[in-house]
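Asks: Please find one structure pasted underneath; my questions will follow.
Residue numbers (the working numbering): 102 to 656.
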């Protein structure tokens with residue numbers, strides 16, 4: 102099982118989706134149970150992955166590599182696409198987060214009874230795509246998962262969302278699809294510029310078809326490439342991440358080689374490619390001004406989909422920044438560190454001010470996500486170990502906390518169908534358990550020490566203050582985001598939970614405290630945010646060695 106454990110993480114929800122789609126009896130309980138069992142199994146397999154991982158090893162682990170597509174294209178060489186999966190300390194924390202949030206999301210889907218077969222099948226397809234993004238080590242394979250996510254998410258918002266669901270779903274699709282097209286353009290350019298040194302060595306006869314290449318042979322084949330000793334039709338092009346990050350595998354004179362002299366206008370093509378792929382992932386994070394799809398999507402999406410969207414899908418943007426944007430274009434990323442950090446700073450402050458002005462609880466949380474994910478970009482732009490580790494930690498922390506916040510909003514909306522903050526007062530009187538858990542989620546989100554939100558923001562700011570690439574005023578202004586978070590969260594908490602009890606529809610609807618299922622969703626998230634807040638080493642021990650090795654390769 103260990104040999105193919107990463108394939109299981111992708112296949113389990115995929116098989117679950119097929120079981121839901123072809124289940125012979127049209128009964129809601131069957132669809133719920135299939136989805137629940139599939140994602141519970143996903144959590145268990147993810148736990149096995151975690152315990153099989155050596156945190157002291159910075160290299161990729163549990164690798165699975167199979168030839169997938171091989172197609173000779175004459176004088177342009179040979180197309181080679183691999184089914185390549187692996188995890189390291191950068192991706193494993195996000196795989197763990199995804200497993201937890203997806204399981205919580207299916208629990209929160211228990212009340213979905215409209216077109217339930219389609220809903221749970223799409224939800225499981227989305228789960229498989231998310232896992233594939235974090236596990237893929239081939240750019241083509243990653244892009245397939247990244248692009249396929251659009252379809253289930255589009256339908257999940259468009260069919261089960263609020264009154265403006267079609268508008269929100271279409272806006273989400275257009276923004277993300279246009280970003281994906283920019284990534285596709287760069288992916289093709291990279292592919293035409295990079296070779297697989299191992300397969301090329303086999304093609305030119307340096308080693309036999311079944312021989313294992315010695316590490317010393319890779320510099321030799323790279324030198325042959327540099328000297329022009331390999332005919333173009335013998336070059337095996339690749340999408341593999343490990344080869345795309347090594348400048349020695351780039352064909353001299355190719356459009357995206359490290360020494361490329363191609364320009365469009367006065368802009369180097371590599372710098373332009375960097376900004377293309379950055380924008381593609383910035384839409385997903387999202388970064389201001391590419392964020393406007395997010396509040397609409399959150400407000401209109403059903404609660405479970407808001408949980409998955411904020412808890413996991415936004416993190417694919419941050420993961421893409423580290424793995425692909427910085428991995429493939431390190432010099433351009435360092436050159437652009439200041440504008441990237443400024444975009445992160447603007448997202449932090451702009452998102453905070455917008456959250457402060459919202460009357461809709463879901464919209465407030467959506468804008469707070471823009472602000473908190475700005476810290477991720479700031480940490481990545483710092484190019485320091487503290488910044489990168491803080492960015493990964495912040496993604497995990499925000500994934501847990503945003504899932505909690507949207508679940509709590511859903512609890513209230515299920516009872517009253519009302520999300521306006523000023524329509525509630527004194528909820529502590531009738532919903533004490535709900536009040537306690539909401540308080541934990543709010544205080545953790547505003548960065549109170551002892552919770553995960555404090556550690557994530559602290560390390561991203563530390564990394565930015567210590568960065569040689571950034572002026573001090575950028576992280577200094579970014580600290581305003583913490584003040585704003587305290588403002589909008591404490592003000593909301595004071596208005597909704599204190600004073601005398603009142604809510605707008607009190608004559609027609611009765612408020613009740615948390616049910617057993619709601620506690621089952623929320624309490625594990627409470628435990629996680631406290632656990633990693635008190636013991637941040639649980640995450641830093643995973644990401645630290647990988648980030649250290651990653652920065653060494655980027656220099």
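Glycine included, C-beta positions come from ideal geometry on N, C-alpha and C.
If you follow the beta strand (DSSP E) that residue 334 is in, where does it begin and where does it stop?
Replies: Segment: none, residue 334 is in no beta strand (DSSP E) and carries neither H nor E.
Asks: Could you tell me whether the Cβ atoms of residue 249 and residue 417 are closer together than 8 Å?
Replies: The answer is no: Cβ separation not under 8 Å.
Asks: If you run the structure through DSSP and keep just helix, strand and coil, what is residue 324?
Replies: Correct three-state label for residue 324: helix.
Asks: Which complete alpha helix (DSSP H) runs does the segment 187-269 hold, if anything under 4 residues is left out?
Replies: The segment 187-269 contains these whole alpha helix (DSSP H) runs: 193-209, 217-236, 240-249, 251-261.
Asks: Looking at C-alpha atoms only, which residue of 158, 341, 581 is the closest neighbour of residue 241?
Replies: When only C-alpha atoms are compared, the closest one is 341.
Asks: Identify which residue in 476, 153, 613 has its Cα closest to the Cα of residue 528.
Replies: Among 476, 153, 613, the Cα nearest to that of residue 528 belongs to 613.
Asks: Determine, using beta carbons only, whether residue 384 and residue 277 come nearer to each other than 8 Å.
Replies: Taking 8 Å as the Cβ cut-off, residue 384 and residue 277 qualify as a contacting pair.
Asks: Count the other C-beta atoms from every protein chain shown that fall within 10 angstroms of the C-beta of residue 536, then say buried if there are 16 or more, exposed otherwise.
Replies: Answer is buried; the Cβ neighbour count reaches 16.
Asks: Taking 8 Å as the limit between beta carbons, can you name the residues of its chain near residue 301, skipping five residues before and five after?
Replies: Only 322, 326, 331, 335, 336, 337 meet the Cβ criterion.
Asks: Under 8 Å between the Cβ atoms of residue 562 and residue 554?
Replies: Cβ atoms of residue 562 and residue 554: not closer than 8 Å.
Asks: With distances taken Cα to Cα, identify the nearest neighbour of residue 583 among 640, 438, 450, 162.
Replies: Nearest option by C-alpha distance: 450.
Asks: Where do the N-terminal and C-terminal ends of the alpha helix (DSSP H) with residue 311 fall, by residue?
Replies: Careful: residue 311 lies outside any alpha helix (DSSP H) and carries neither H nor E.
Asks: Rounding to the nearest angstrom, what Cα-Cα distance links residue 630 and residue 230 in this structure?
Replies: Looking at the two C-alpha atoms, the distance is approximately 26 Å.
Asks: If you compare alpha carbons, which of 468, 181, 227 is closest to residue 393?
Replies: Taking only the C-alpha atoms, the option nearest residue 393 is 468.
Asks: Where does residue 181 fall in DSSP's three states?
Replies: Note: residue 181 maps to strand in three-state DSSP.
Asks: Thinking C-alpha only, which one of 578, 474, 587, 407 is nearest residue 509?
Replies: For residue 509, the nearest C-alpha among the options comes from 407.
Asks: From residue 189 to residue 531, what does the alpha carbon distance come to, in whole angstroms?
Replies: Approximately 46 Å between the Cα atoms of the pair.
Asks: Between the Cα of residue 461 and those of 308, 503, 524, spot the shortest distance and give me the residue it belongs to.
Replies: Residue 524 is the option with its Cα nearest to residue 461.
Asks: Do three or more CB pairs link the segment 168-187 to the segment 118-134 at distances below 8 Å?
Replies: No, because fewer than three Cβ pairs between the segment 168-187 and the segment 118-134 fall closer than 8 Å, the two stretches do not touch.
Asks: With three or more beta-carbon pairs closer than 8 Å as the criterion, would you say the segment 215-231 touches the segment 386-402?
Replies: Flag = no, the segment 215-231 and the segment 386-402 do not touch.
Asks: Starting from residue 534, trace the alpha helix (DSSP H) both ways and give me its first and last residue.
Replies: Its alpha helix (DSSP H) spans residues 533-546.
Asks: Residue 164 by DSSP, collapsed to three states: which one?
Replies: Reduced to three states, the DSSP call for residue 164 is strand.
Asks: For residue 628 and residue 500, which I take to be in contact (beta-carbon distance under 8 Å), what is that distance rounded to the nearest angstrom?
Replies: With a Cβ gap of about 15 Å, residue 628 and residue 500 do not count as contacting.
Asks: So, under 8 Å CB-CB, residue 565 and residue 479 are touching, yes? Tell me the CB distance rounded to an integer number of Å.
Replies: Yes, they are in contact, since the Cβ atoms of residue 565 and residue 479 sit about 5 Å apart, within 8 Å.
Asks: By a C-beta neighbour count over all protein chains shown, 10 Å radius and 16 as the cutoff for buried, is residue 601 buried or exposed?
Replies: By the neighbour-count rule (16 or more Cβ atoms within 10 Å), residue 601 is not buried but exposed.
Asks: Output the distance between the C-alpha atoms of residue 522 and residue 504, rounded to the nearest integer angstrom.
Replies: Going by the C-alpha atoms only, they are around 19 Å apart.
Asks: With residue 453 and residue 586 assumed to form a contact (beta carbons below 8 Å), what rounded beta-carbon distance in angstroms separates them?
Replies: Contact holds; Cβ gap of about 6 Å.
Asks: State the DSSP-derived secondary structure class of residue 613, mapped to helix, strand or coil.
Replies: It is coil, neither helix nor strand.
Asks: Out of curiosity, what's the CA-to-CA distance linking residue 293 and residue 376?
Replies: For residue 293 and residue 376, the distance between alpha carbons rounds to 19 Å.
Asks: Please state whether DSSP places residue 295 in a helix, a strand or coil.
Replies: In the structure shown, residue 295 sits in a strand (DSSP, three-state: E or B).
Asks: Mind listing, in chain order, the continuous alpha helix (DSSP H) runs of no fewer than 4 residues lying wholly within the segment 589-645?
Replies: With a minimum length of 4 residues, the continuous alpha helix (DSSP H) runs that stay inside the segment 589-645 are 617-635.
Asks: For residue 634, does the count of other Cβ atoms within 10 angstroms reach 16, so buried, or fall short, so exposed?
Replies: Buried: at least 16 other Cβ atoms inside 10 Å.
Asks: Per DSSP, residue 173 forms a beta bridge with which residues?
Replies: Paired residue(s): 179.
Asks: On the DSSP bridge list, what partners appear for residue 461?
Replies: Looking at the DSSP assignment, residue 461 forms a beta bridge with 521.
Asks: By Cβ distance below 6 Å, which residues in the same chain neighbour residue 655 in space, the five residues on each side in sequence not counted?
Replies: Hits under 6 Å: 431.
Asks: Starting from the Cα of residue 514, find the closest Cα among 171, 141, 212 and give me that residue.
Replies: Looking at the Cα atoms, 212 is the closest of the given residues.
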